[in-house]
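See structure below.
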Amino acid sequence: MAKTNQWPGIHVLGAGSMGLMIAARLQAAASVVLLRRPGNWPASLQLQVQRNGATTRCRLTQYGSDTAPAPISHLILCTKSIDALAALESLDSRVADDAQLLLMQNGMGSQEAVVQHFPRARIAAASTTEGAYRTAPDRVVHAACGLTRIGSLNRGDFDWAGLFRDAGMEAGTVEDIRWHLADKLRVNVLINPLTALHGCLNGELLDRAELLADMQALGQEADAVLAAAGFRFGNTALEQASAVARSTANNRSSMLQDVTAGRRTELDDITGFLLELARRHGVPAPTHQAVYSRIQALTPAPAHHRTDAAP
Ligand code: KPL
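Note that my numbering gives residue 259 to position 226 of the sequence shown, counting from 1, and the numbers run on in steps of one.
Here's what the structure looks like:
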């Protein structure tokens with residue numbers, strides 16, 4: 034696809050699987066710069082992207098977040114949810130005050146924290162079913178071509194979905210992105226902690242009676258908490274999570290991958306966020322509390338505690 038002049042230069046912050054995959058794909062439509070953690074990085078990254086069995090190579094311009102030239106006007110944040118705020122802060126004054134930001138984090142909570150800390154930025158969030166994993170620092174596998182839903186959190190008015198579509202990705206603009214984030218959250222609070230605790234693939238949750246019983250208990254509590262917080266869905270969390278577990282049966286969830294690699298997980302923005310909602314609305318969630326404590330015991334202590342998550 035030919036690059037047009039329609040789109041401004043795009044910065045992608047975060048060189049994990051999602052950041053690399055999105056940066057590589059958007060190059061079909063716009064000029065893209067990859068921003069990595071602070072440091073002196075080689076001026077470009079030779080990246081291999083594997084998709085549908087074919088490998089393509091592309092060259093990405095890259096900078097450390099502390100050396101990138103200013104100003105940054107259009108930024109896609111692809112870090113893990115737990116690193117989102119600190120990563121944005123590491124860009125310091127390089128981000129234009131009224132920049133258009135697109136937040137691609139899992140879970141809920143980190144998005145509102147960014148909105149609070151960058152009140153002048155125009156901020157949108159995405160909920161995506163795209164799947165990617167990194168096999169080496171310069172190799173990414175685009176495992177599942179999904180749909181990316183994008184909606185404004187404050188005054189975000191850039192046509193991110195149009196840019197994604199122009200680059201050949203399936204994307205749409207939605208009215209209420211918070212509802213879509215909550216819809217994904219109710220899947221993640223069932224699948225992620227259980228697969229991480231039992232070291233199993235997503236699909237195994239449906240095959241083992243004791244795990245299905247856990248899913249059921251977590252689902253009932255999640256339904257009650259999200260209903261008390263004002264979210265309405267056409268099916269139960271158990272039904273939704275079961276459908277996703279079936280369609281991603283051979284996936285290792287992101288939390289299982291983190292636990293296996295000894296990395297910090299996104300637990301605080303997944304189960305932790307649900308527990309915070311439960312506390313605010315006075316709804317009991319003992320099963321979520323139990324899995325939260327068990328995963329916490331498995332993973333490294335957080336480098337910092339975010340105190341300003343808001344539902
Ligand atoms: O979002 C996911 C994750 O692993 O974080 C699911 C949908 C559970 C797919 O693995």
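Every residue, glycine too, gets a C-beta built ideally from N, C-alpha and C.
- Judged by DSSP in its simplified three-state form, GLY184 adopts strand.
- Judged by DSSP secondary structure, ILE210 falls within the alpha helix (DSSP H) whose first and last residues are 210-231.
- Between CYS91 and GLN133, the C-beta gap is not smaller than 7 Å, which leaves the two residues out of contact.
- For GLY205, the enclosing beta strand (DSSP E) has its first and last residue at 203-206.
- With fewer than 16 neighbouring CB atoms inside 10 Å of its own CB, GLN149 falls in the exposed class.
- Taken in chain order, the whole alpha helix (DSSP H) runs of length 4 or more contained in the segment 135-202 are 143-150, 193-199.
- Closest option to ARG241, judged by alpha-carbon separation, among THR228, PHE266, ALA62: THR228.
- Ranked by Cα distance from ALA255, the first of ASP247, LEU238, ARG219, ASN284 is ARG219.
- ASP302 is a Cβ neighbour of GLY142, given a cutoff of 7 Å.
- Taking the Cα positions, LEU136 is about 29 Å away from ALA87.
- Here GLY49 has CYS111, THR112, LYS113, ARG167 as same chain residues with Cβ atoms under 8 Å from its own Cβ, once five neighbours each way along the sequence are excluded.
- When rounded, the separation of the alpha-carbon atoms in ALA262 and LEU310 is 7 Å.
- For THR332, the shortest separation between its Cβ and any heavy atom of the ligand KPL does not lie below 6 Å.
- Take the alpha-carbon of GLN253 and the one of ALA260: they are about 11 Å apart.
- Note on geometry: alpha-carbon atoms of LEU331 and GLN322 lie some 15 Å from one another.
- TYR96 is bridged by DSSP to LEU68.
- Here GLU145 is buried. Its C-beta has 16 or more other C-beta atoms within 10 Å.
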